[in-house]
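Student: In case it helps, UniProt numbering puts the sequence shown at residues 1 to 549. Each residue gets a CB set at the ideal place from its N, CA and C atoms; glycine is no exception. None of the values given here were measured: they were computed from a predicted structure. Here you go, one structure.
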Amino acid sequence: MSATRHRAVGGGVNHVLDYLRRMQAENPSFFYAIQGDNDHTGGSIFWVDATSRMNYAYFGDTVVFDTTYRTNRYRVPFASFSGLNHHGQPVLFGCALILNDSEASFAWLFQTWLHAMSDRRPISITTDPDRLIQMAVTQVLPETRLRFNRWSIFKETQEKLAHIYQSQPTFEIEFKKCVNETETINEFESSWVSLLERYFVMDNEWLQSMYNARQEWVPAYMRDTFFGDFSITERNIGLNSFFEGFVNASTTIQMLIKQYEKAVASWHEKELKSDYDSTNTSLVLKTPSPMEKQAANLYTRRIFMKFQEELVETLANPATKIDDSGTVATYRVAKFGEEHKAHTVNFTSFEMKANCSCQMFEHSGIICRHILAVFRVKNVLTLPSQYVLKRWTRNAKIGDMQDEHATELPNNSRESLTDRYNTLRQEAIKYVEEGAKSIHVYNVAMDALQEALKKVSSAKNQSPISAEDGALSNGRNQELHAAGDIETVACQSADEKEKKIRELTTELESINRRCEVYRANLLAVLRDMEEQKLKLSVKVQNARLNLRE
Numbered sequence: 001m002s003a004t005r006h007r008a009v010g011g012g013v014n015h016v017l018d019y020l021r022r023m024q025a026e027n028p029s030f031f032y033a034i035q036g037d038n039d040h041t042g043g044s045i046f047w048v049d050a051t052s053r054m055n056y057a058y059f060g061d062t063v064v065f066d067t068t069y070r071t072n073r074y075r076v077p078f079a080s081f082s083g084l085n086h087h088g089q090p091v092l093f094g095c096a097l098i099l100n101d102s103e104a105s106f107a108w109l110f111q112t113w114l115h116a117m118s119d120r121r122p123i124s125i126t127t128d129p130d131r132l133i134q135m136a137v138t139q140v141l142p143e144t145r146l147r148f149n150r151w152s153i154f155k156e157t158q159e160k161l162a163h164i165y166q167s168q169p170t171f172e173i174e175f176k177k178c179v180n181e182t183e184t185i186n187e188f189e190s191s192w193v194s195l196l197e198r199y200f201v202m203d204n205e206w207l208q209s210m211y212n213a214r215q216e217w218v219p220a221y222m223r224d225t226f227f228g229d230f231s232i233t234e235r236n237i238g239l240n241s242f243f244e245g246f247v248n249a250s251t252t253i254q255m256l257i258k259q260y261e262k263a264v265a266s267w268h269e270k271e272l273k274s275d276y277d278s279t280n281t282s283l284v285l286k287t288p289s290p291m292e293k294q295a296a297n298l299y300t301r302r303i304f305m306k307f308q309e310e311l312v313e314t315l316a317n318p319a320t321k322i323d324d325s326g327t328v329a330t331y332r333v334a335k336f337g338e339e340h341k342a343h344t345v346n347f348t349s350f351e352m353k354a355n356c357s358c359q360m361f362e363h364s365g366i367i368c369r370h371i372l373a374v375f376r377v378k379n380v381l382t383l384p385s386q387y388v389l390k391r392w393t394r395n396a397k398i399g400d401m402q403d404e405h406a407t408e409l410p411n412n413s414r415e416s417l418t419d420r421y422n423t424l425r426q427e428a429i430k431y432v433e434e435g436a437k438s439i440h441v442y443n444v445a446m447d448a449l450q451e452a453l454k455k456v457s458s459a460k461n462q463s464p465i466s467a468e469d470g471a472l473s474n475g476r477n478q479e480l481h482a483a484g485d486i487e488t489v490a491c492q493s494a495d496e497k498e499k500k501i502r503e504l505t506t507e508l509e510s511i512n513r514r515c516e517v518y519r520a521n522l523l524a525v526l527r528d529m530e531e532q533k534l535k536l537s538v539k540v541q542n543a544r545l546n547l548r549e
């Protein structure tokens, strides 16, 4: 970081640290760490709240490390770890101020982040193309698949080859088509050579360097790894989607925390709305398939829409058997009129397993139209369980943590804060569902909840945090900080906490009353819709009988 920028940031670091100390005092599961320097000015700072740590337990299979704000165009060297929730929305996994640009600093940051996440490594990570970040990822996450963000490469290519872009306007279109639309490695290689020859840029150093790194950014080389992309071109955007619109070139370090909290609250609200929509809004089925109905009941609304798109496309993508060894049958699947773009599906009847040459399921976790076309031929009426990733379902955050791709957590994290949070959350959901069934039950539930809050508050004041939780929430501080410590402050007084609990309880009661009215209105609308559907169904049935007569 430049000396000028360091001076601009320096005065605001204490503001950030004060916030981090306060947050950790209020919630021991809030984690923060400072690299090296005792004066907190030369080392980077990392933090992550309890919600982000929980979200990582469910959605930590693929991660985006965004360093967009590290460039000198921005006033704050801010970075973030994020991923995708069950609605395909950005979800935060931690933040950092990078006050020292070096391989060691990035290695410290990844190690600290990994410890805060119980040493659970992601399957894949997407970053901007940067040598220092690449070296740190290779060192700390050697088994994680690294991908460079194509948007950054396209942007840098435009700058490096400005003369070609200006003199040959079609080059950019063909360059992106070569990268985005080639489906196999051989197809990409052939298209790349043809592109370079057509525009006489075979010896261009930048393009050669990008070709040498092709396995880190060209989609054809990445199809076998989970990145959560719904399509190959979908994530061809900047990485800063979580903080976009909240942090910009004019954001100062003094403003950062306020904007950070706004972004967190905004995305949390969007997730809650999507949860509600997925559970309470009717989906329009487009086929009579039992599989579509099954998917509608399992997936979140957005993921179902993507699955439905694939299912409907099977009507235009017939499957033709081309080989059968007895245990494995091979099918050729192609869209009408596009036989040259055919895909191959191998299907094992005994295990109900299929794999497709498009590798969409491996890449996105959503089954492709080609496998679904084979399922139609084989009369597979429901989705086999191995093709429903829990991370894309409505129940993604209920029950056990996400483990469809990753190995189990270390034993020392068992029966920890995470496990207790999971258990309490499940019981709370059951409590809310039962308590909202009628006004009488609601009143009984609210009385019981208020009494429970008093008991929990009393227990909190009497019982100190266990050594185990301290170790978990602070991420083994002594291991992480050779020369620096995580600072803590005393908890707020019991009286202040009691007052806060009373305020929140009153607010909760008010919200619940409004929700009850809204729920009653919604149920009335739903009942009316069901009655209309029933009447329509009877009319259709009568019409069919009349036609038969």
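From the DSSP output, in three-state form, read off L132 for me.
Tutor: Taking the sequence shown and counting its residues from 1, one reaches residue 132 at position 132. L132: helix per DSSP, three-state reduction.
Student: How should S458 be labelled, buried or exposed, when 16 other C-beta atoms within 10 angstroms of its C-beta is the threshold for buried?
Tutor: Your numbering for residue 458 matches position 458 in the sequence shown. Exposed: under 16 other Cβ atoms inside 10 Å.
Student: Using the beta-carbon count (16 or more within 10 Å), is E292 buried or exposed?
Tutor: As a working note, residue 292 is residue 292 in the sequence shown. By the 10 Å Cβ count, E292 comes out buried.
Student: Mapping DSSP to helix, strand and coil, what is C368?
Tutor: Position 368 of the sequence shown holds residue 368. Reduced to three states, the DSSP call for C368 is coil.
Student: To the nearest angstrom, report how far apart A354 and D203 are at their CA atoms.
Tutor: In the sequence shown, residue 354 corresponds to position 354, counting from 1. In the sequence shown, residue 203 corresponds to position 203, counting from 1. About 43 Å.
Student: Is it a yes or a no for the region 304-312 touching the region 279-291, going by three-plus beta-carbon pairs under 8 Å?
Tutor: The region 304-312 vs the region 279-291: in contact.
Student: Report back the beta-carbon spacing between I133 and F93 to the nearest angstrom; my notes put them in contact at under 8 Å.
Tutor: The residue given as residue 133 occupies position 133 in the sequence shown. The residue given as residue 93 occupies position 93 in the sequence shown. That belief does not hold up - the Cβ atoms of I133 and F93 are roughly 16 Å apart, past 8 Å.
Student: Go to F78, then tell me how far its alpha helix (DSSP H) extends in each direction, as first and last residue.
Tutor: Residue numbering aside, residue 78 sits at position 78 when the sequence shown is read from its first letter. It is not in any alpha helix (DSSP H) - F78 instead sits in the beta strand (DSSP E) that spans F78 to L84.
Student: Under the DSSP definition of a beta bridge, which residues are partnered with C95?
Tutor: Stepping through the sequence shown from its first residue, residue 95 is reached at position 95. Paired residue(s): W47 and S80.
Student: Does the contact criterion of 3 or more C-beta pairs under 8 Å hold for the region 186-204 versus the region 139-156?
Tutor: The answer is no - the region 139-156 does not touch the region 186-204, with fewer than three Cβ pairs under 8 Å.
Student: Decide yes or no for the touch test of the region 106-121 against the region 133-143: beta carbon pairs closer than 8 Å, at least 3 of them.
Tutor: Contact holds: three or more Cβ-Cβ distances are below 8 Å.
Student: Identify every run of the alpha helix (DSSP H) within the region 229-304, keeping only runs that are complete inside it and at least 4 residues long; order them along the chain.
Tutor: Correct list: 253-280 and 290-298.
Student: Using 8 Å as the threshold, is the region 23-35 in touch with the region 68-79, meaning 3 or more CB pairs across them?
Tutor: Touching, no, given that fewer than three Cβ pairs across the two stretches are closer than 8 Å.
Student: If you draw a straight line from the alpha carbon of F350 to that of T344, how long is it in whole angstroms?
Tutor: Counting from 1 along the sequence shown, the entry for residue 350 is found at position 350. Counting from 1 along the sequence shown, the entry for residue 344 is found at position 344. C-alpha separation (whole angstroms): 19 Å.
Student: Around the C-beta of S282, are 16 or more other C-beta atoms found within 10 angstroms, so that it is buried, or is it exposed?
Tutor: By 1-based counting over the sequence shown, the position of residue 282 is 282. When all chains shown are included, S282 counts as exposed.
Student: With burial defined as no fewer than 16 other Cβ atoms inside 10 Å of the residue's Cβ, what is the status of S167: buried or exposed?
Tutor: Indexing the sequence shown from 1 puts residue 167 at position 167. Under this definition S167 is an exposed residue.
Student: Are there 16 or more other CB atoms within 10 angstroms of the CB of T393, so buried, or fewer, so exposed?
Tutor: Residue numbering aside, residue 393 sits at position 393 when the sequence shown is read from its first letter. Buried, by the Cβ-count rule.
Student: Give me, in chain order, the residues of the same chain whose beta-carbon lies closer than 7 Å to that of Y260; leave out the 5 immediate sequence neighbours on both sides.
Tutor: Sequence index remark: in the sequence shown, residue 260 carries index 260 (1-based). Excluding positions up to five away in sequence, the list reads C95.
Student: Rounded to whole angstroms, what is the Cα-Cα separation between S102 and A116?
Tutor: As a first step, residue 102 must be located in the sequence shown, where it is residue number 102. As a first step, residue 116 must be located in the sequence shown, where it is residue number 116. The straight-line gap from Cα to Cα measures roughly 21 Å.
Student: With burial defined as no fewer than 16 other Cβ atoms inside 10 Å of the residue's Cβ, what is the status of A482: buried or exposed?
Tutor: In the sequence shown, residue 482 corresponds to position 482, counting from 1. The pLDDT assigned to A482 is 33, lower than 50, so where the model puts this residue is not dependable, and the model offers no usable value.
Student: Can you tell me whether N27 is helix, strand or coil according to DSSP?
Tutor: Counting from one through the sequence shown, the residue named residue 27 turns up at place 27. In the structure shown, N27 sits in coil (DSSP, three-state: anything other than H, G, I, E or B).
Student: Distance, Cα to Cα, R301 vs I125?
Tutor: Here residue 301 refers to the residue found at position 301 of the sequence shown. Here residue 125 refers to the residue found at position 125 of the sequence shown. Between R301 and I125, the C-alpha separation is close to 26 Å.
Student: Would you report the Cα separation of S44 and N100, rounded to the nearest angstrom?
Tutor: Along the sequence shown, one-based indexing puts residue 44 at 44. Along the sequence shown, one-based indexing puts residue 100 at 100. Distance between the alpha carbons of S44 and N100: 6 Å.
Student: Could you tell me the distance, in whole angstroms, from the CA atom of S364 to the CA atom of F110?
Tutor: Translated into the one-based positions of the sequence shown, residue 364 becomes position 364. Translated into the one-based positions of the sequence shown, residue 110 becomes position 110. Near 25 Å, if we compare the C-alpha coordinates of F110 and S364.
Student: Please report the straight-line C-alpha distance between M222 and V333, rounded to a whole angstrom.
Tutor: For the purposes of this step, residue 222 is identified with residue 222 of the sequence shown, where counting begins at 1. For the purposes of this step, residue 333 is identified with residue 333 of the sequence shown, where counting begins at 1. One C-alpha to the other measures close to 22 Å.
Student: Excluding the 5 residues preceding and the 5 following R214 in the sequence, name in chain order all residues of the same chain whose CB lies nearer than 7 Å to its CB.
Tutor: Here the question's residue 214 lines up with position 214 in the sequence shown. Hits under 7 Å: Y221.
Student: Can you round the beta-carbon distance between F347 and A329 to whole angstroms, since I take them to be within the 8 Å contact cut?
Tutor: Within the sequence shown, residue 347 is the residue found at index 347, counting from 1. Within the sequence shown, residue 329 is the residue found at index 329, counting from 1. Indeed, because the Cβ distance is near 5 Å, the residues count as touching under 8 Å.
Student: So, helix, strand or coil for H343, using DSSP?
Tutor: Reading the sequence shown from its first residue, position 343 is the one you call residue 343. Here H343 sits in strand by DSSP.
Student: So residue 572 is in the beta strand (DSSP E); what residue range does that whole segment cover?
Tutor: A query on residue 572 cannot be resolved here, the shown segment of the chain reaching from 1 to 549 and no further.
Student: If you follow the alpha helix (DSSP H) that L195 is in, where does it begin and where does it stop?
Tutor: The residue given as residue 195 occupies position 195 in the sequence shown. First-last of the alpha helix (DSSP H) with L195: I185 to R198.
Student: Would V63 pass as a contact of F46 if the rule is Cβ separation under 8 Å?
Tutor: By 1-based counting over the sequence shown, the position of residue 63 is 63. By 1-based counting over the sequence shown, the position of residue 46 is 46. Going by C-beta atoms, V63 is not nearer than 8 Å to F46.
Student: Going by the DSSP bridge assignment, what does K321 pair with across the sheet?
Tutor: Taking the first residue of the sequence shown as position 1, residue 321 is located at position 321. According to DSSP, K321 bridges with Y331.
Student: If we ignore side chains and look at the alpha-carbon of each, how far apart do I303 and I123 end up?
Tutor: Within the sequence shown, residue 303 is the residue found at index 303, counting from 1. Within the sequence shown, residue 123 is the residue found at index 123, counting from 1. Whole-angstrom Cα-Cα distance: 20 Å.
Student: Run the CB neighbour count on E468, radius 10 Å, all protein chains shown included, and call it buried at 16 or more, exposed below.
Tutor: For the purposes of this step, residue 468 is taken as the residue at position 468 of the sequence shown. Because E468 carries a pLDDT of 38, less than 50, the predicted location of this residue cannot be relied on, and the following value inherits that uncertainty. Under this definition E468 is an exposed residue.
Student: So what does DSSP say about S438, is it helix, strand or coil?
Tutor: By one-based count along the sequence shown, residue 438 stands at place 438. Three-state DSSP puts S438 in coil, outside helix and strand.
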